[in-house]
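Once you know that position 31 of the sequence shown is 50 in the numbering used here, the rest is easy, because the numbers rise by one and skip nothing. Glycine is no exception: its CB is placed at the ideal position from the N, C-alpha and C atoms. Down below is the structure, laid out as structure tokens.
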Amino acid sequence: MTSISPDLRTVRVTRYVTPLREGGSLPAIAEADDGFLYVLKFRGAGQGRKALIAEIIGGELARTVGLKMPELVFAELDAAFGRSEPDEEIQDLLKASVGLNLGLHYLSGAITFDPAVTMVDAQLASRIVWLDALLLNVDRTARNTNMLIWHKELWLIDHGAALYFHHAWQNWQEYVAKPFVQIKDHVLLPQAAHLAEVDAEMRTLLTAEVISAIVAAIPDDWLNQEQEEADASAMREVYAQFLNRRISNSEIFVHEAQTARHGLI
């Protein structure tokens, strides 16, 4: 199989439009020099670079397996950008985020996915549940679905809370074979009736070459400060090993998801 290399464009932020006051990370809608609007995720906010790394890995894995994801771009923020911002909290955030940030193409007119309104077919639900179990994504619940309906299609957003193993690097190997019990709270779990079938498909699609190409897209300066004793290439290797080993042991998290689903239906 030909390796897939995510070709993320780089844009320069030209206008801060409005904050999205959801959670503690204060993402914002911003305009870039290509004329498009983006939901901007800041390196200086909340979990900082780690959230941006999770966004790239989660988003590009989703795209690789055919799920709908807004385009991801690197967003360059100039040092002078926040000087005229009157809100001190936002000004501090902008100052702390000078350099390369991450943007998701803004889906104008999209509405938040509501499981009471929109039924997702079993195949699609199973693919999303499988991917979130792989990524340890705790943030796709009924309370916060992190999915949008745009042009009558389901789009995934916000993988920043995934891959939480990277908040405790010393024990990352312990998470490889963990079943991810939080999958019981996944908003699409009741519809995920084809997990075994999807498991075989996903393992075929997500090859070591694909994983390597995706982690290669992570900028060096998002990685270099994560561990004093490790450089960017070493950190990329940890992400690649974690994902490859977890995919090799996918029967563990698939079984956990199936068991949790049977308890719901």
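| Check | Outcome |
| --- | --- |
| Between which two residues does the beta strand (DSSP E) carrying Trp-169 extend? | 166 to 169 |
| For the stretch 92 to 108 against the stretch 169 to 181, are there 3 or more C-beta pairs whose distance is under 8 Å? | no |
| Under three-state DSSP, which class holds Val-30? | strand |
| Rank Ala-129, Glu-275, Leu-154 by C-alpha distance to the C-alpha of Tyr-183 and give the top, closest one. | Leu-154 |
| Return yes when the Cβ of Arg-68 is within less than 9 Å of the Cβ of Trp-191, no when it is not. | no |
| Under 7 Å Cβ to Cβ from Ile-237, same chain only, skipping five residues before and after it: list those, please. | Ile-72, Ile-75, Arg-255 |
| Mark Glu-79 as exposed unless 16 or more other C-beta atoms lie within 10 angstroms of its C-beta, in which case mark it buried. | buried |
| Alpha helix (DSSP H) containing Tyr-125: first to last residue? | It is not in any alpha helix (DSSP H) - Tyr-125 carries neither H nor E in the DSSP assignment. |
| From the DSSP output, in three-state form, read off Thr-21 for me. | Any reading at Thr-21 is ruled out, since the residue's pLDDT is 38, under 50, leaving its predicted position unreliable. |
| Closer than 8 Å to a non-hydrogen atom of the ligand MN - does that hold for the CB of Asp-106? | With respect to small molecules bound, the structure shown includes none, and the ligand MN cannot be examined in it. |
| Which ranges does the beta strand (DSSP E) cover as unbroken runs of at least 3 residues, wholly within the stretch 84 to 142, from first to last along the chain? | 91 to 96, 118 to 124 |
| Could you pull out every residue in the same chain whose Cβ sits closer than 7 Å to the Cβ of Arg-264, ignoring the five residues on either side in sequence? | Val-195 |
| By DSSP, does His-186 sit in helix, in strand, or in coil? | helix |
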